[in-house]
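All remarks here apply to the structure that follows.
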Amino acid sequence: MTGFTTGEYAMGGKKLEVPKEIARDLACVTVILDPRQSTQVGVAAAIEIAAPSLGANVTVAGAREGADLERALGAAAREPNGGLIVLASAVTNAHRHEVIELAARHRLPAIYDFRYFVAEGGLASYGHDPAEQYRQAAIYVDRILRGTKPADLPVQAPTKYELVINLKTAKGLGLGVPPQLLPRADEVIE
21 MTGFTTGEYA MGGKKLEVPK EIARDLACVT VILDPRQSTQ VGVAAAIEIA
71 APSLGANVTV AGAREGADLE RALGAAAREP NGGLIVLASA VTNAHRHEVI
121 ELAARHRLPA IYDFRYFVAE GGLASYGHDP AEQYRQAAIY VDRILRGTKP
171 ADLPVQAPTK YELVINLKTA KGLGLGVPPQ LLPRADEVIE
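Everything in the sequence shown is counted per my numbering, starting at 21 for the first residue and increasing by one.
This is the structure we're talking about:
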């Protein structure tokens, strides 16, 4: 058996570093995840481990349905200097417009897994590049069709991560993106 993973647990700390750089007063971060996805639980644990060194407290909020998202965002909004890390799942993807809108209404800096959240008005995203994984998957399919046994192919982790920042959203939240962060971004939406 072979395949592709969608993330590396250690990247969880990076998901906290980016919003801390943009919103320096960020102190209370709510991680929204699907508790049924073990990978997301692992990423959240990595975020919790990184939090003390970054001066943040982390709360994990499980979201199995849309109502859970509204409750989690409401709780995050009541925290002073609150922010969000939204891990992509069927629930967060299906309700992404609501999540982005609620984050903006509550003035919560939020980071997401994928670019499409930022293109639709989210503040920032940091995650693997799905297009790169699809290219790698095509290579695996070719190798299998040529006779390689799937069991002989190792499970592949993402090889390319991308950072996307929406400056218009940052301005709307009253945040100034540090100039040293912009060159590190793979894309800046203005």
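Glycine included, C-beta positions come from ideal geometry on N, C-alpha and C.
Problem - Minimum length 4: unbroken alpha helix (DSSP H) runs contained in the stretch 127-209 - result: 135-139, 150-165 and 187-192
Practice task
Ignore the nearest five residues each way along the sequence and tell me which others in residue 210's own chain have a CB closer than 7 Å to its CB.
Solution key: 187 and 188
Handout entry: Expected contact under 8 Å - CB spacing of residue 147 and residue 128 to nearest Å
Key = Their Cβ separation, rounded to whole angstroms, is 19 Å, which puts residue 147 and residue 128 out of contact at 8 Å.
Problem - CA-to-CA distance, residue 42 to residue 202, given in whole angstroms - result: 10 Å
Handout entry: residue 70 beta carbon less than 7 Å from that of residue 36
Key = yes
Handout entry: Cβ contact check for the stretch 123-142 and the stretch 89-103: 3 or more pairs under 8 Å
Key = yes
Practice task
Enumerate, from N- to C-terminal direction, the unbroken alpha helix (DSSP H) stretches of 4 or more residues contained entirely within the stretch 75-127.
Solution key: 86-98, 110-114 and 116-125
Problem - Enclosing beta strand (DSSP E) for residue 53 [first to last residue] - result: 48-53
Problem - Start-to-end residues for the alpha helix (DSSP H) that takes in residue 59 - result: 58-70
Practice task
Below 8 Å on the Cβ atoms is my guess for residue 59 versus residue 92; work out the distance and round it to an integer in Å.
Solution key: That pair is no contact at about 19 Å.
Handout entry: Straight-line gap, residue 227 to residue 23 (C-alpha atoms, nearest Å)
Key = Nothing can be reported for residue 227: it is not among the residues displayed for the chain, which extend from 21 to 210.
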